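J.: Mapping of the sequence shown onto this note's numbering: residues 19 to 203, in sequence order. All C-beta atoms in this analysis are idealised placements derived from N, C-alpha and C, irrespective of residue type, glycine included. Values in this document were obtained by computation on a predicted structure and should not be read as measured data.
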Amino acid sequence: MHLLLLSGSTRSGSVNTAVLRTAAVAAGPRVTTDLFDGLVGLPAFDPDRDVDPLPGPVAGLRARIGAADALLICTPEYAGGMPGAFKNLLDWTVGGMEIHGRPVAWVNAASVAAPTGASGTHAGLAAFLGYVGAAVADAACARVPLGRADIDDDGLVADPAAREAIGVAVRALCEAAIPSEAGDR
19 MHLLLLSGST
29 RSGSVNTAVL
39 RTAAVAAGPR
49 VTTDLFDGLV
59 GLPAFDPDRD
69 VDPLPGPVAG
79 LRARIGAADA
89 LLICTPEYAG
99 GMPGAFKNLL
109 DWTVGGMEIH
119 GRPVAWVNAA
129 SVAAPTGASG
139 THAGLAAFLG
149 YVGAAVADAA
159 CARVPLGRAD
169 IDDDGLVADP
179 AAREAIGVAV
189 RALCEAAIPS
199 EAGDR
């Protein structure tokens with residue numbers, strides 16, 4: 019089982035990226051993980067460039083999605099929606115079929131002080147993932163409210179209950195990604 023971890027944050031010391039690092043640890047030894055770190059290196063989406071040969075960073079992103087059995091997303095919310103850099107990443111995936119049929123889930127780490135709990139971002143994610151035909155693993159989507167004080171010196175979520183909730187989400191996503199007896203993805 020191979021999971022691609024996608025953070026929607028470009029911030030150094032991001033809580034969202036810490037959630038994904040924690041998910042990688044929680045996944046255990048039978049699951050490999052790949053934390054995508056090329057968000058800021060993606061060019062601005064341009065439909066005229068969404069042809070072969072793709073820009074190198076875009077081709078790399080699509081290859082990493084194609085190599086994954088499932089995707090786990092953790093992204094902040096800015097001004098009621100997805101951050102522009104993360105929306106740009108998603109826009110680059112529309113022209114490929116890598117996400118279609120692939121199990122995808124997200125962990126919402128918006129702090130309890132966030133006025134909407136990042137509901138705008140997650141509504142946007144659900145709409146986008148439906149558009150591209152992703153297999154959203156609802157049982158693996160979780161809300162684990164965290165703040166910067168909840169991250170330890172190793173860049174992982176410190177709270178045991180939050181770590182366990184992230185682990186439950188990862189296990190549910192892995193279960194959703196196990197191919198059925200009928201040979202489906």
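If you follow the beta strand (DSSP E) that residue 92 is part of, which residue opens it and which one closes it?
T.: Its beta strand (DSSP E) spans residues 88-92.
J.: In terms of residue numbering, what span does the alpha helix (DSSP H) encompassing residue 186 cover?
T.: Where residue 186 is concerned, the enclosing alpha helix (DSSP H) stretches over 178-195.
J.: Alpha carbon to alpha carbon, what distance is there between residue 110 and residue 66?
T.: Distance between the alpha carbons of residue 66 and residue 110 is about 12 Å.
J.: Between which two residues does the alpha helix (DSSP H) harbouring residue 54 extend?
T.: Residue 54 -> not in any alpha helix (DSSP H); beta strand (DSSP E) instead, spanning 50-54.
J.: Measuring CB to CB, does residue 92 end up less than 7 Å from residue 127?
T.: Yes, the pair counts as a contact, with Cβ atoms nearer than the cut-off.
J.: Looking at the structure shown, is residue 137 part of a helix, part of a strand, or coil, going by DSSP?
T.: In the structure shown, residue 137 sits in a helix (DSSP, three-state: H, G or I).
J.: Out of 137, 63 and 171, state which residue places its alpha-carbon closest to the alpha-carbon of residue 39.
T.: The candidate whose alpha carbon is nearest that of residue 39 is 171.
J.: Taking residue 64 as the reference, give the member of 57, 58 and 72 with the closest Cα.
T.: Closest by alpha carbon: 72.
J.: So is residue 134 buried or exposed if we call it buried at 16+ other beta carbons inside 10 Å?
T.: Per the 10 Å Cβ criterion, exposed.
J.: Using 7 Å as the threshold, is the C-beta distance between residue 158 and residue 190 below it?
T.: Contact flag set, yes.
J.: Alpha carbon to alpha carbon, how far is residue 80 from residue 150? Give it in angstroms, no decimals.
T.: Taking the straight line joining both Cα atoms gives about 14 Å.
J.: Beta-carbon separation of residue 114 and residue 153 under 7 Å?
T.: Their beta carbons are not under 7 Å apart, which means residue 114 does not touch residue 153 by this criterion.
J.: Determine the direct distance from the alpha carbon of residue 179 to that of residue 56, and round the result to whole angstroms.
T.: Taking the straight line joining both Cα atoms gives about 30 Å.
J.: On the DSSP letters alone, give me the boundaries of the alpha helix (DSSP H) that residue 163 sits inside.
T.: Unbroken run through residue 163: none, as it is neither H nor E.
J.: Classify residue 31 as helix, strand or coil using the three-state DSSP reduction.
T.: Note: residue 31 maps to coil in three-state DSSP.
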